[in-house]
Amino acid sequence: MSNYIKDLYEKEGATGDSGVELNFVTLTDLKLAMEAEIALYHCHPVHYAFSLQHQLALLISRVTTARCGAIFTTLEPDGSVRWPGLTWGDVGFIRHVDSRVESTIFLRHLNNKQKQNSIDRGIPEYRNSMRARLLSPKRLTSLVYSIPHRLLSQAISSGVLFGIETMEDAFSVPLIRVDPRFASLPVFAIPDNLAKPVTATEACIYLRNMSTSMGYPVPMGYRGIRRQAATDFARRIGVETTRRIMGHRADSSTLEKSYLFAEQDLDLTAVSLEEDAADSGHSAMLRQSLATPHLIPLTKTQHAQARQEITLLAARIMAQTPSTSRCFEPALASFHGNRGNWR
Numbered sequence: 014m015s016n017y018i019k020d021l022y023e024k025e026g027a028t029g030d031s032g033v034e035l036n037f038v039t040l041t042d043l044k045l046a047m048e049a050e051i052a053l054y055h056c057h058p059v060h061y062a063f064s065l066q067h068q069l070a071l072l073i074s075r076v077t078t079a080r081c082g083a084i085f086t087t088l089e090p091d092g093s094v095r096w097p098g099l100t101w102g103d104v105g106f107i108r109h110v111d112s113r114v115e116s117t118i119f120l121r122h123l124n125n126k127q128k129q130n131s132i133d134r135g136i137p138e139y140r141n142s143m144r145a146r147l148l149s150p151k152r153l154t155s156l157v158y159s160i161p162h163r164l165l166s167q168a169i170s171s172g173v174l175f176g177i178e179t180m181e182d183a184f185s186v187p188l189i190r191v192d193p194r195f196a197s198l199p200v201f202a203i204p205d206n207l208a209k210p211v212t213a214t215e216a217c218i219y220l221r222n223m224s225t226s227m228g229y230p231v232p233m234g235y236r237g238i239r240r241q242a243a244t245d246f247a248r249r250i251g252v253e254t255t256r257r258i259m260g261h262r263a264d265s266s267t268l269e270k271s272y273l274f275a276e277q278d279l280d281l282t283a284v285s286l287e288e289d290a291a292d293s294g295h296s297a298m299l300r301q302s303l304a305t306p307h308l309i310p311l312t313k314t315q316h317a318q319a320r321q322e323i324t325l326l327a328a329r330i331m332a333q334t335p336s337t338s339r340c341f342e343p344a345l346a347s348f349h350g351n352r353g354n355w356r
């Protein structure tokens, strides 16, 4: 681990040795973390440069639900590179006539495990990568969370764009493109050494200790960001659509493990930042999924088991609070169809 990152998180006075993390990291949690970083590092240019990279990574994880190791470089135990992280050659920019900016990012390794694991699970190599199309937010108040604008700003400050040195240049040239000479440089790099990537381990430790320094009793982690993003996606665009986008089998109950493709007509930014889904460019299929509840009816056996579990739970609640026990009796009696004799 680089001394630079060590200095950053050791400054926060946290050890980062616990494996417990916050199960669900909400959009509000991310906003608070970003505001805390800005307040903490705005007077230190080098630390602030890394802080901006870290905020960008949090947003990419939120919008794409990608693992930390798909964004940052993953190392082998001997220090060699197992999977490279996001490079500037994996990033593209498009400027729209309505002043919105679009970026595409190509995540090469979503699984981030040994290649043999993917082979054993029957996952083709091409299904272990993803190209995401990310638009800038529609609301001006959400521009601070714009991945395209942050990527563009970072590319300009890193000097990796062809013929573009300022933000004004980016909006005056006909095409925004990365200089081929810098295509292999990591997007997430040590600010004073742009060829040296920030590793996934370093990024995870930094997030854990940063959130601990903010006062969170349980630190944040990228897994919690992914879980919450999957939950929010399912709420806004439907479980089945989310399952299809994230590449899960129909019988799988897990929505956050991997995210294998993003449909071209889905505005991930609008969904992840909770903007109005009605005008976010969804196809007719996606609009229908928004309006259609995805409810799976219980079988008779499952229904009977649920009734039994609810009865036991309610009985335990009443035993702990005798003064309110009679308040539950009518509802339970009605539920069981045996009024007045539910025990």
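Going by this note's numbering, 104 is the number at position 91 of the sequence shown; the sequence numbering is gapless. All residues carry an ideal CB built from backbone N, CA and C; glycine is no exception. Here the structure is a predicted model, which means the values were calculated and not measured.
The beta-carbon separation of Glu48 and Ser64, rounded to 11 angstroms, does not stay under the 8 angstroms limit for a contact. In terms of CA proximity to Phe106, Val114 leads the group Ile84, Gln241, Val114. In this structure, Trp96 places its C-beta atom within 8 angstroms of the C-beta atom of Arg121.
With respect to the 8 angstroms criterion, Leu72 and Arg144 are not classified as neighbours on the basis of their beta carbons.
Residue range 104 to 108 is occupied by the beta strand (DSSP E) that includes Gly105. Leu148: member of the beta strand (DSSP E) spanning 143 to 148, first to last residue.
Three or more Cβ pairs drawn from the stretch 32 to 46 and the stretch 234 to 250 lie within less than 8 angstroms of each other, which places the two stretches in contact. Ala168 is positioned such that its CB atom lies no closer than 8 angstroms to that of Val186. Fully enclosed alpha helix (DSSP H) runs of no fewer than 4 residues occupy 213 to 226, 235 to 250 of the stretch 201 to 251, in order along the chain. Annotation for Ser166: no beta strand (DSSP E) segment contains it, though the alpha helix (DSSP H) segment containing it runs 160 to 171.
Assignment of beta-bridge partners to Ile189 by DSSP yields no partner. If you draw a straight line from the Cα of Pro193 to the Cα of Cys217, it is about 30 angstroms long.
The shortest CA-to-CA distance from Thr41 to any of Asn222, Leu53, Glu215, Arg75 is the one to Arg75. Per the C-alpha coordinates, the member of Lys151, Leu99, Leu43 positioned closest to Val211 is Leu99. Beyond the five residues adjoining it in sequence on each side, Val33 comes within less than 7 angstroms, by CB distance, of Val231 in the same chain, given in chain order. Val157 is bridged by DSSP to nothing; it lacks a bridge partner. For Ala242, same chain residues with a beta-carbon under 7 angstroms away, outside a window of 5 residues either side, are Arg75, Thr78, Ser285 in chain order. With fewer than 16 other CB atoms across the displayed protein chains lying within 10 angstroms of its CB, Phe184 is exposed.
The three-state reading of DSSP puts Leu286 in coil, since its state is none of H, G, I, E or B. Boundaries for Glu115: no alpha helix (DSSP H) harbours it, while the beta strand (DSSP E) harbouring it runs 114 to 120, taken from the DSSP string. By the criterion of a C-beta distance shorter than 7 angstroms, Ser171 is surrounded in its chain by Leu207, once the five residues flanking it on both sides are discounted.
Bounds of any beta strand (DSSP E) do not take in Val33, whose DSSP letter is neither H nor E. In this structure, Arg108 keeps its C-beta atom at 8 angstroms or more from the C-beta atom of Ile160.
By DSSP's assignment, Thr87 forms a beta bridge with Trp96. Residue environment analysis places Ser149 among the buried positions, since at least 16 neighbouring C-beta atoms fall within 10 angstroms of its C-beta.
Leu174 carries a strand assignment under DSSP once its states are collapsed to helix, strand and coil. With a cutoff of 8 angstroms on beta-carbon distance, Met223 and Leu45 are scored as not near each other. Taking a 10 Å sphere around the C-beta of Arg221, we find 16 or more other C-beta atoms and assign the residue as buried. By the criterion of a C-beta distance shorter than 7 angstroms, Ala196 is surrounded in its chain by Thr100, Trp101, Gly102, once the five residues flanking it on both sides are discounted. C-alpha of Gly234 to C-alpha of Thr214: approximately 11 angstroms in a straight line.
Excluding the 5 residues flanking it on each side, Pro199 has same chain C-beta neighbours closer than 6 angstroms at Gly98, Thr100, Pro210, in chain order. In this structure, Phe201 keeps its C-beta atom at 8 angstroms or more from the C-beta atom of Phe119. Rounded to the nearest whole angstrom, the CA to CA distance from Tyr158 to Ala70 is 11 angstroms.
Ranked by Cα distance from Val104, the first of Thr282, Thr87, Val110, Leu147 is Leu147.
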